[in-house]
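Residue numbers (the numbering used here), protein chains in the order written: chain C, 1 to 156; chain Z, 157 to 312. Even for Gly, the Cβ is constructed at its ideal location relative to N, Cα and C.
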DNA sequence: CAGCAACAATTGCAATCGCAACAAATTGCG
DNA sequence: CGCAATTTGTTGCGATTGCAATTGTTGCTG
């Protein structure tokens, strides 16, 4: 009955959170996706672009341009994959570690302030609900995407 | 302590929901914003573009182009505001009502399926938490936006 | 009434991102 | 081995959106 109210609230809060994050990250010359990538990356262990795209829930082409930008900022370094000449390994530079540390401090301060309106028990409930929702929506997407990209068949 | 987990889950679910909605709305040649606009509009009572932008949480320029598109699809009509030559009034056409009805049926079916993993009590809790979060984040944005856009002053 | 600030809508521009097409490299199967 | 299918990353293109500047209108104030 309140499904729709949940949905609208969730949608609106998404927009607001995106906007608020942009305001925070702007001073570090990062957008949300770039920041999330920095969080994942590591100075030692190199990530492949394809793995980054799967983790960040975006297209490979988006990761290409994301990596182009972070590289131009000197925050990451591309290096060839020793075992596969198609692949590249992306690692954090010292500047990347520093920039991530600054941005992370600002973002996590903001996050903490926002979620301080919930108590510990509520957070647990929220996490549990969000996980269940994530599972359903993931399944819905998987179902829809295996349905259309192939099989223009309608076979007998 | 779990603030960050909440946040990441929320962010990920936002991406998934956006993606899932796009898959549903694509068949009606609408994106999420266009659909939300159709929900607001009415065959009789005309909306001003500025009011739409505030309701949809986007820029006025975005609404201009949104209305351009919906008009080109024949779903809405622009008419001059009788009392103010600066304004325009936007109303739903019959085709707009029909398109909205189809899209709404599909979307609400999907929403209902997604939120069926929560029971009534959980939905109430979720709504309450989302409302509190919305309030904090709104306040945060308002604070940040009144801080920077003006006052490059640092006066004596 | 003249001037000016505020407001409605639009346009230009840049940033962002998904999708499709592509080149290079790798894998697998006959 | 040899060739087809798959995989990795890139590029072209279009769609979407925010921000700043602009035009035309309104309303307030001296």
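- [ ] Run the CB neighbour count on residue 198 of chain Z, radius 10 Å, all protein chains shown included, and call it buried at 16 or more, exposed below.
- [x] Here residue 198 of chain Z is taken as the residue at index 42 of the second chain, counted from 1. Residue 198 of chain Z comes out exposed.
Task: Beta-carbon separation (whole angstroms), residue 103 of chain C vs residue 16 of chain C, contact threshold 8 Å - done: Here the question's residue 103 of chain C lines up with position 103 in the first chain. Here the question's residue 16 of chain C lines up with position 16 in the first chain. Actually they do not touch by this definition, with Cβ atoms about 20 Å apart.
Open item on the list: What would DSSP say about residue 92 of chain C, mapped onto helix, strand or coil?
Closed with: Looking up residue 92 of chain C in the first chain gives position 92. DSSP places residue 92 of chain C in strand when its eight states are reduced to three.
TODO: Note down, one range per segment and in chain order, each beta strand (DSSP E) of at least 3 residues found wholly within the segment 60-130 of chain C.
DONE: 76-80 and 88-92
Open item on the list: By the three-class DSSP mapping on this structure, what secondary structure does residue 309 of chain Z have?
Closed with: Taking the first residue of the second chain as position 1, residue 309 of chain Z is located at position 153. Per-residue confidence for residue 309 of chain Z stands at a pLDDT of 33, beneath the threshold of 50, marking its modelled position as unreliable; the derived number appears in the next sentence. Residue state, collapsed to three classes: coil.
TODO: Apply the 10 Å Cβ neighbour rule to residue 190 of chain Z and answer buried if 16 or more other Cβ atoms are within range, or exposed otherwise.
DONE: Along the second chain, one-based indexing puts residue 190 of chain Z at 34. Buried, because 16 or more other Cβ atoms sit within 10 Å of the Cβ of residue 190 of chain Z.
Open item on the list: My assumption, with CB atoms under 8 Å, is that residue 187 of chain Z sits in contact with residue 212 of chain Z. Please give the rounded CB distance.
Closed with: The residue labelled residue 187 of chain Z in the question sits at position 31 within the second chain. The residue labelled residue 212 of chain Z in the question sits at position 56 within the second chain. With a Cβ gap of about 12 Å, residue 187 of chain Z and residue 212 of chain Z do not count as contacting.
Open item on the list: On the criterion of 16 or more Cβ atoms from any shown chain inside 10 Å, does residue 290 of chain Z qualify as buried, or is it exposed?
Closed with: As a working mapping, residue 290 of chain Z is identified with position 134 in the second chain. By the 10 Å Cβ count, residue 290 of chain Z comes out buried.
Task: Host alpha helix (DSSP H) of residue 42 of chain C (start-end) - done: The residue labelled residue 42 of chain C in the question sits at position 42 within the first chain. Unbroken run through residue 42 of chain C: none, as it is neither H nor E.
Task: Short CB-CB distance (under 7 Å) between residue 278 of chain Z and chain C - done: Residue 278 of chain Z sits at position 122 when you count from the first residue of the second chain. Using a CB distance cut-off of 7 Å, residue 278 of chain Z counts as an interface residue toward chain C.
- [ ] If I'm right that residue 286 of chain Z touches residue 10 of chain C with Cβ under 8 Å, what's the distance once you round it to whole angstroms?
- [x] Your numbering for residue 286 of chain Z matches position 130 in the second chain. Your numbering for residue 10 of chain C matches position 10 in the first chain. Right, the Cβ-Cβ distance comes to about 6 Å (below 8 Å), so this counts as a contact.
Open item on the list: Given this structure, state the Cα-to-Cα distance separating residue 269 of chain Z from residue 7 of chain C, to the nearest angstrom.
Closed with: Here residue 269 of chain Z corresponds to residue number 113 of the second chain, with the count starting at 1. Here residue 7 of chain C corresponds to residue number 7 of the first chain, with the count starting at 1. The straight-line gap from Cα to Cα measures roughly 12 Å.
Task: 7 Å Cβ cutoff, residue 42 of chain C in contact with chain Z - done: Taking the first residue of the first chain as 1, we reach residue 42 of chain C at position 42. No, residue 42 of chain C lies away from the interface with chain Z (no Cβ there is under 7 Å from its Cβ).
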